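What follows is a single structure, written as structure tokens, with notes after it.
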Amino acid sequence: MTTEVTSTLPPAGVPAGGAGGALLSLRGISKHFGPVQALVDVTFDVPAGQVTALIGDNGAGKSVLIKCISGIHSPDDGEIVWDGKPVHIKNPLDASSLGIETVHQDLALCDNLDIVQNMFLGRERVQHFALAEEDMEKAAGETLTGLAVTTVRSIRQPVASLSGGQRQSVAIAKAVLWNSKLVIMDEPTAALGVAQTAMVLALVRRLADRGLAVIIVSHNMNDVFEVADRVAVLRLGRTVAVRPAAELDRQIVVDLMTTGVSTRAVTPPDGKGVSS
Amino acid sequence: MSKVDGLPPAVEEELTESAALEAELAVAPALVANSLGDYLRGSFARVRGGESGVLPVVGGLILISILFQWLNSNFLTSRNLVNLLIQGSPIMLLAMAQVYALLLGEIDLSIGFVSGIGGIVTAELVKQSTGWPWWAAILVALIVCAFIGAVQGTIITRLGLPSFVVTLAGFLGLQGVMLLILGNGGSVPINDKVINDLASGNLTPTASWIVLLLVVAAFGIRTWRREEGRRASGLVAPPRSLTLVKIGAALAAAVAIALICNADRGTLVPIRGLPWVVLIVLGVLAMWTLLLGRTKFGRYVYAIGGNAEAARRAGVRLATVRTVAFTLCSFTAGVAGIVYASRLRSVSTALDGGTLVLYAVAAAVIGGASLFGGRGKAIHAVLGGLVIAAIANGMGLQGYSAAAEKVVTALVLLAAVAIDAVARRGRTAR
Ligand SMILES: Nc1ncnc2c1ncn2[C@@H]1O[C@H](COP(=O)(O)OP(=O)(O)O)[C@@H](O)[C@H]1O
Ligand SMILES: [Mg+2]
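Read top to bottom, the protein sequences are chains A and B.
So the first sequence is numbered by this note's numbering: it starts at 37 and just counts up by one.
So the second sequence is numbered by this note's numbering: it starts at 2 and just counts up by one.
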């Protein structure tokens with residue numbers, strides 16, 4: 037769908053692929069908090085250039101899993117394989133130096149700063165101790181144009197004046213600015229209306245079309261089937277299914293989320309099928 | 002995924018790629034406006050959106066000046082205006098100090114007495130029996146003040162205590178220290194010529210012209226270069242006419258200050274020239290404007306005030322930035338204290354650190370800094386301090402009582418906070 041736009045862009049990250057074509061492989065990840073076993077033997081692959089949806093009921097362990105990948109928690113057991121090599125992600129800095137960026141549910145933007153300032157927060161470019169504003173403004177502008185985030189009036193307006201969808205877009209663009217290879221989003225559309233959800237999902241799609249790997253956490257079935265190429269279903273901390281979205285439908289996913297198994301056959305896609 | 006359907010036409014329009022490409026990262030028309038009119042319209046939009054800038058307080062200052070001049074034709078005389086600048090300078094400096102705390106969304110109640118300590122240390126070191134040179138005394142006084150700020154900042158950040166309580170303890174403790182050093186009702190006179198000249202000395206008229214024109218030239222060249230460069234590379238920039246208006250306004254202000262300060266304002270002997278203290282205020286203003294506006298540290302101060310959690314996740318070391326901000330706050334209070342002591346030619350237990358700090362907060366807020374953090378600049382503190390000094394001076398000229406002066410200051414403060422709150426509401430409405 038977005039080929040007119042994306043074809044004019046330089047690829048943001050090399051569509052990396054390790055063994056088996058997956059950028060990130062989780063192998064038997066386990067994590068417990070005291071007696072609570074939050075993750076048990078979680079195993080799945082996240083390929084570059086595709087949107088992988090991570091879904092599951094409340095408390096299934098989605099957020100904990102994401103925190104394990106982005107360096108906030110370290111898993112008790114199991115292996116994270118990045119680009120074919122096993123890695124230890126001990127803190128968020130490790131994650132970002134690998135090229136993993138996370139867009140948290142509560143966006144982490146500063147309302148009083150403008151779009152450029154937010155996108156570069158913590159990684160400002162400086163020249164002789166002074167901020168290199170023009171450099172940063174150009175880079176931010178290019179990234180936003182590249183992602184076709186064009187509904188903002190000015191990249192020098194404070195993010196307080198943006199709509200929810202625009203804020204989400206800025207948060208995502210911020211993650212992309214760093215030549216990231218994997219962008220993880222926790223419930224990016226949870227607080228958005230219809231139009232804004234569409235805007236953000238289109239942006240998610242463009243990221244994958246640029247060759248990035250995307251993990252999107254959601255429990256909104258519409259979003260999942262609109263944008264995901266692959267679906268990983270978590271239930272009580274275990275992966276109960278990892279399949280291409282085309283082999284699933286809503287009812288099967290609901291069955292998997294609630295009971296862990298489904299005996300249904302796939303009904304034909306309802307027109308909102310997946311791309312790729 | 003298919004094109005988004007079922008949306009209102011306007012939204013659909015925004016989402017289509019062709020529109021997006023045409024718009025080429027649609028920069029606000031207001032901000033690439035080619036005419037001054039367009040730009041002003043954009044600015045008013047931003048004022049309504051809570052980005053009020055300095056316009057309200059400048060407007061307020063002009064109103065106050067007209068009012069007082071109409072009440073008493075002595076208000077706008079050169080003698081009175083220079084007096085007003087000198088009287089107002091400690092509050093302007095203290096307000097610039099407080100801006101650091103306010104930007105973080107915190108408050109520093111101790112700066113009134115920190116400034117007292119700065120004055121005492123200076124006075125004690127230059128007095129006959131100690132006999133230090135003036136510069137060493139000032140240096141040590143400022144280091145002591147900065148150290149007090151660093152200690153308070155460390156307690157606030159490392160122990161996670163509220164700044165209100167920690168600096169309230171500083172307020173009480175430092176008042177005690179002052180009483181201890183000065184003795185009950187005691188004072189230390191200052192006889193050092195340089196220290197006393199900080200508040201009462203003047204440049205020669207020629208030097209005044211040179212200094213003021215150099216300041217304008219530096220400001221003008223910097224502004225022109227930067228904005229011209231931004232226009233050339235197609236970045237968000239004001240129209241050229243506005244750049245010229247800004248530089249013209251700075252030049253006009255400098256000429257006005259030079260004329261006012263160089264007119265003879267003496268009663269017995271002629272007194273002319275730019276007071277040193279104006280240069281001190283301008284110097285501190287320039288330093289803190291650059292630090293807050295153009296460096297990583299400044300950016301992080303704003304980020305923490307806006308959303309500390311976001312700053313933390315972005316890798317900003319909150320504790321360090323906060324501690325440094327409290328240190329700079331106390332350091333600036335030390336400068337204010339030295340100027341204050343210089344104006345009184347002594348330090349005494351009459352120094353009311355409580356009133357000073359509250360006036361400093363009032364000045365910063367009247368000037369446009371927000372009490373809720375993340376919004377404010379050094380220039381706001383200076384302009385707010387000018388408003389407070391103008392009210393005190395103008396009402397004094399009219400022979401109103403201190404009581405009336407406080408009531409008027411209170412009303413102005415309330416008006417300023419109300420404007421801030423209304424602007425904030427406009428801002429968060431999405
Ligand atoms: N920091 C923590 N300490 C203890 N238990 C936790 C912690 N974080 C998550 N859990 C537990 O782990 C399980 C999975 O939580 P979470 O990943 O947040 O679920 P969700 O899939 O809704 O995001 C829950 O039972 C939760 O209570
Ligand atoms: Mg969660």
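Just so it is clear, CB atoms sit at the ideal spot from N, CA and C, and this is done for glycine as well.
Note that the structure is predicted; figures quoted are calculated from it, not measured.
| Check | Outcome |
| --- | --- |
| Chain A residues whose Cβ lies nearer than 9 Å to that of B:Y303 | C146, N148, L149 and Q153 |
| Any non-hydrogen atom of ligand 1 closer than 6 Å to A:S99 Cβ | yes |
| Proximal chain A residues relative to B:K297, where beta-carbon distance stays under 7 Å | E160, V162 and L167 |
| Contacting positions in the region 172 to 194 of chain A - beta carbon closer than 9 Å to chain B | E173, K174, G177, E178, L180, T181, A184, V185, T186, T187, V188, R189, S190, I191, R192, Q193 and P194 |
| Length of the line joining the Cα atoms of B:T356 and B:S130 | 32 Å |
| Cross-strand partners of B:N75 (DSSP beta bridge) | Bridge partners of B:N75: none, in fact. |
| Sheet register partners of A:Q163 (DSSP bridge) | A:A166 |
| Test item: CB-CB of B:I112 and B:V358 under 7 Å | yes |
| Straight-line Cα distance separating B:H381 from B:W210 | 25 Å |
| Residues near B:N73 in its chain [Cβ-Cβ closer than 6 Å; skip 5 each side] | L398 and Q399 |
| Under 8 Å by beta carbon: chain B residues contacting A:E170 | G230, R231, S234 and L236 |
| Cutoff 7 Å; reference A:S190; Cβ partners in own chain excluding five residues on either side | none |
| Sub-7 Å separation of A:E115 and A:R63 beta-carbons | yes |
| Residues bridged to A:K67 [DSSP beta-bridge criterion] | A:L75 |
| Interface flag, B:R344 vs chain A, CB-CB below 7 Å | no |
| B:F332 vs B:L143 beta-carbon contact at 7 Å | yes |
| Near ligand 1: A:N94 beta-carbon under 6 Å from a heavy atom | yes |
| Ligand 1 heavy atom lying under 6 Å from the CB of A:V290 | no |
| Chain-ordered residues of the region 317 to 328 of chain B with a beta carbon less than 7 Å from chain A | V317 |
| Helix, strand or coil at B:S130 according to DSSP, with G and I counted as helix | coil |
| Residue burial classification, B:L412 (beta-carbon count within 10 angstroms, cutoff 16) | exposed |
| Local conformation of B:P240 per DSSP, three classes | coil |
| Pairwise C-alpha distance: A:D112 and A:K67 | 5 Å |
| Near ligand 4: A:F69 beta-carbon under 6 Å from a heavy atom | Absence of ligand 4 from the depicted structure is noted, with ligand 1 and ligand 2 being the only ligands included. |
| DSSP-derived helix/strand/coil call for B:N81 | helix |
| contact_flag[the region 107 to 121 of chain B, the region 320 to 340 of chain B] where n(CB pairs < 8 Å) is 3 or more | yes |
| Closer than 7 Å to chain A by CB, B:R241 | no |
| Contact with chain B by A:L62, beta-carbon distance below 7 Å | no |
| Beta carbon of B:T268 nearer than 7 Å to that of B:A147 | no |
| Environment of A:V260 [buried if 16+ CB atoms lie within 10 Å] | buried |
| Chain D contacts made by the region 353 to 382 of chain B, where a contact means CB separation under 7 Å | Of the protein chains in the structure, A and B, none is chain D. |
| Own chain, CB closer than 6 Å to B:T1, minus 5 neighbours either side, in chain order | Given that chain B is displayed from residue 2 to residue 431, the structure contains no residue 1 of chain B and the question cannot be resolved. |
| Three-state class that DSSP yields for B:N185 in the structure shown | coil |
| B:R363 - DSSP class collapsed to helix/strand/coil | Looking at the sequence provided, one finds Ala at residue 363 of chain B rather than Arg. DSSP places B:A363 in helix when its eight states are reduced to three. |
| Any chain A beta carbon closer than 7 Å to B:A315 | yes |
| For A:P194, the first and last residue of its enclosing alpha helix (DSSP H) | No alpha helix (DSSP H) contains A:P194, which DSSP labels as neither H nor E. |
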